[in-house]
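Trainee: Shown below is the structure under consideration.
Numbering (this note's numbering), first residue to last: 16 to 225.
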């Protein structure tokens, strides 16, 4: 079981994640996000962080912009959270591991949405459908995945909050969780946008047995 903490903006907090059992730190490179990483961190600060796997989150950026940031910040993985086409994902995945995010409503067909991306992405992410791009903080109905055969490792996101640990453990026993790669947490573990409540993160990881 792994945890990714997304929307990181404070260098001193990033450096503490690995010791809590967190595997991935997410940095948002979307200027319209309240958690836009360059409001508080520089490329040099991100590049020098070597204690954890670094995931760059992009929304409808150009290929050149994404690859430039991969190099500048030494990102280990790219998460594409916009309307990126399979062809776009394929070009990025030739250079770095790609996670394609899908924002799901209750009636969406997961298989239909993911099929065009199956051969051009390394992993998927499932989040809640909402207005605009990026995470909504709204609770994701994990039951939509229960009877789905997901052919790629995936991150489970969507309003995960303190107190969800037992429900998440229950979900890991479902057939759909065979491909579950990591949980993704963000806004429900903050004191303000981009500033995490590290005690909540620590307790969450401990309760999951990390």
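We put the CB at the ideal spot given by N, CA and C, even for glycine.
Would residue 44 pass as a contact of residue 52 if the rule is Cβ separation under 8 Å?
Mentor: Residue mapping note: residue 44 aligns to position 29 of the chain shown, counting from 1. Residue mapping note: residue 52 aligns to position 37 of the chain shown, counting from 1. Result yes, Cβ atoms of residue 44 and residue 52 sit closer than 8 Å.
Trainee: Count the other C-beta atoms from every protein chain shown that fall within 10 angstroms of the C-beta of residue 146, then say buried if there are 16 or more, exposed otherwise.
Mentor: Reading the chain shown from its first residue, position 131 is the one you call residue 146. Note that residue 146 scores 41 on pLDDT, short of 50, meaning its location in the model is unreliable and no value can be drawn from it.
Trainee: Looking at C-alpha atoms only, which residue of 164, 141, 166 is the closest neighbour of residue 157?
Mentor: Counted from its first residue, the chain shown places residue 157 at position 142. Closest option to residue 157, Cα to Cα, is 141.
Trainee: Applying the criterion that 16 or more other CB atoms from any shown protein chain within 10 Å of the CB defines a buried residue, is residue 64 buried or exposed?
Mentor: For this step, residue 64 is matched to residue 49 along the chain shown. Classification for residue 64: buried.
Trainee: Residue 116 by DSSP, collapsed to three states: which one?
Mentor: For the purposes of this step, residue 116 is taken as residue 101 along the chain shown, with counting starting at 1. Reduced to three states, the DSSP call for residue 116 is strand.
Trainee: Would you report the Cα separation of residue 215 and residue 67, rounded to the nearest angstrom?
Mentor: Indexing the chain shown from 1 puts residue 215 at position 200. Indexing the chain shown from 1 puts residue 67 at position 52. Cα to Cα, residue 215 sits roughly 19 Å from residue 67.
Trainee: Would you mind working out which of 35, 176, 137 sits nearest residue 221, comparing C-alpha positions?
Mentor: Within the chain shown, residue 221 is the residue found at index 206, counting from 1. Looking at the Cα atoms, 35 is the closest of the given residues.
Trainee: CB residue 81 to CB residue 93, shorter than 8 Å?
Mentor: Locating residue 81 in the chain shown gives position 66, where the first residue counts as 1. Locating residue 93 in the chain shown gives position 78, where the first residue counts as 1. Yes. Within cutoff.
Trainee: Should residue 110 be labelled buried (16 or more other beta-carbon atoms within 10 Å of its own) or exposed?
Mentor: By 1-based counting over the chain shown, the position of residue 110 is 95. So residue 110 ends up on the exposed side.
Trainee: At which residues does the beta strand (DSSP E) containing residue 93 begin and terminate?
Mentor: Along the chain shown, read from residue 1 onward, the residue named residue 93 stands at position 78. Start and end: 92 to 95.
Trainee: Helix, strand or coil for residue 76 per DSSP?
Mentor: Counted from its first residue, the chain shown places residue 76 at position 61. Secondary structure of residue 76 (DSSP, three-state): coil.
Trainee: Just checking: is the beta-carbon of residue 128 within a distance shorter than 8 Å of some beta-carbon in chain C?
Mentor: Among the chains in the structure shown there is no chain C, since it carries only a single protein chain.
Trainee: Taking the alpha helix (DSSP H) that residue 205 belongs to, which residues open and close that run?
Mentor: The residue you call residue 205 lines up with position 190 of the chain shown. First-last for residue 205: 205 to 207, but that is the beta strand (DSSP E), not the alpha helix (DSSP H).
Trainee: Could you pull the DSSP bridge partners for residue 198 from this structure?
Mentor: Taking the first residue of the chain shown as 1, we reach residue 198 at position 183. According to DSSP, residue 198 bridges with 18, 171.
Trainee: Taking 7 Å as the limit between beta carbons, can you name the residues of its chain near residue 62, skipping five residues before and five after?
Mentor: Numbered from 1 along the chain shown, position 47 holds the residue referred to as residue 62. The residues are 87, 88, 89.
Trainee: So if DSSP puts residue 71 in a beta bridge, which residue, or which two residues, is it bridged to?
Mentor: Taking the first residue of the chain shown as 1, we reach residue 71 at position 56. Residue 71 pairs with 42, 93.
Trainee: With distances taken between CB atoms, is the gap from residue 161 to residue 173 smaller than 8 Å?
Mentor: On the chain shown, position 146 is the one that residue 161 refers to. On the chain shown, position 158 is the one that residue 173 refers to. Going by C-beta atoms, residue 161 is not nearer than 8 Å to residue 173.
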